[in-house]
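Using UniProt numbering, read the sequence shown as starting at 1 and increasing by one per residue. Read through the structure below, which is laid out as structure tokens, and then see the notes.
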Amino acid sequence: MILTLILKEILPHHGVKEESPKKKEKSKEDLEKEEKAKQAREEARRAREEERRRKQEREREREPKSEKKKRREKRKKIIQTEGKLSAMDKEIKLCVQRDSTDVDKCLAIMEDLDALPVNQVMLKKNPDIMKTIKMVGSQLRKYKGSEKIRLKAEVIYHKFKGFFLAGDGELNSSPQTLLISDNEES
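Shown next, in the form of structure tokens:
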């Protein structure tokens, strides 16, 4: 209070005007308006943030569903491929029986097997197909009509073997590659 009195005495001499009581009241109204405007801006900001957060949550909920769906489809394809592998194994065994060898059917099955999208994990789960292909490639050497089957079995066997020897350079030394290089030399 004393300070205000001193300031009142000093300030009028320096050209500073005192505020009128109306301005003080007006400033209270202005303060109230400013406070209300500030609250309104804050509420609007909160509403925008809340809406943004809800939108992000909806997007997160959608993403896992689509990812789960993709994983299910991938698993389904893998299971179907593994089923085809075991079915082809049985069919190849039936086609190469000693008393009734069906060369054309066996070659068709092997062509399908060669085109089948197989990976190392599938071959580990179904080792019988590897044994069958290896057996067909080596056992049928004594049959005259089965040279095509034996060569195709060796190609497939080396392809499958290449999955396990990745980086060793074995993929390039398959019988098919050797046959092509032999034909080029002739």
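Each residue gets a CB set at the ideal place from its N, CA and C atoms; glycine is no exception. Just so you know, these numbers come straight off a predicted model, no measurement behind them.
> How many angstroms separate the CA atom of Val103 from the CA atom of Lys152?
Replying inline: Taking the straight line from one Cα to the other gives about 11 Å.
>> In whole angstroms, give me the CA-to-CA distance for Leu165 and His158.
In response: One alpha carbon belongs to Leu165, the other to His158, and they sit about 10 Å apart.
>> Let me confirm a value: Val121 is counted as buried when at least 16 other C-beta atoms fall within 10 Å, else exposed. Which label applies?
In response: Counting Cβ neighbours within 10 Å, Val121 comes out exposed, since fewer than 16 surround it.
>> For Leu116, tell me which candidate among Ala87, Gln97, Leu94, Val136 has the shortest Cα-Cα distance.
In response: Selected option, being the one with the closest Cα: Ala87.
> Beta carbon of Thr132, beta carbon of Ile92: below 7 Å?
Replying inline: In this structure, Ile92 lies closer than 7 Å to Thr132 by Cβ.
> Expressed to the nearest angstrom, what Euclidean distance is found between the alpha-carbon atoms of Pro127 and Leu94?
Replying inline: Straight through space, the alpha carbons of Leu94 and Pro127 are spaced by roughly 18 Å.
> Among Ala37, Glu82, Lys36, which has the Cα closest to the Cα of Val118?
Replying inline: Nearest C-alpha to Val118: Glu82.
> Hey, Ile156 and Leu85: beta-carbon distance below 7 Å or not?
Replying inline: No; because the gap between Cβ atoms is not below 7 Å, this pair is not in contact.
> Which residues does DSSP pair with Val96 in a beta bridge?
Replying inline: In DSSP, Val96 forms a bridge with Thr101.
>> Can you find the residues in the same chain that come closer than 7 Å, C-beta to C-beta, to Ile109, ignoring five residues on each side of it along the sequence?
In response: Beyond the five residues adjoining it in sequence on each side, Ile109 comes within less than 7 Å, by CB distance, of Met88, Glu91, Ile92, Cys95 in the same chain, given in chain order.
> Taking the C-alpha atoms as reference points, what is the distance between Glu43 and Arg60?
Replying inline: Cα to Cα, Glu43 sits roughly 26 Å from Arg60.
>> If I follow the unbroken alpha helix (DSSP H) through Leu151, where does it start and stop?
In response: Taken as a continuous stretch (DSSP letters only), the alpha helix (DSSP H) holding Leu151 covers 147-164.
> Pro117 by DSSP, collapsed to three states: which one?
Replying inline: Coil.
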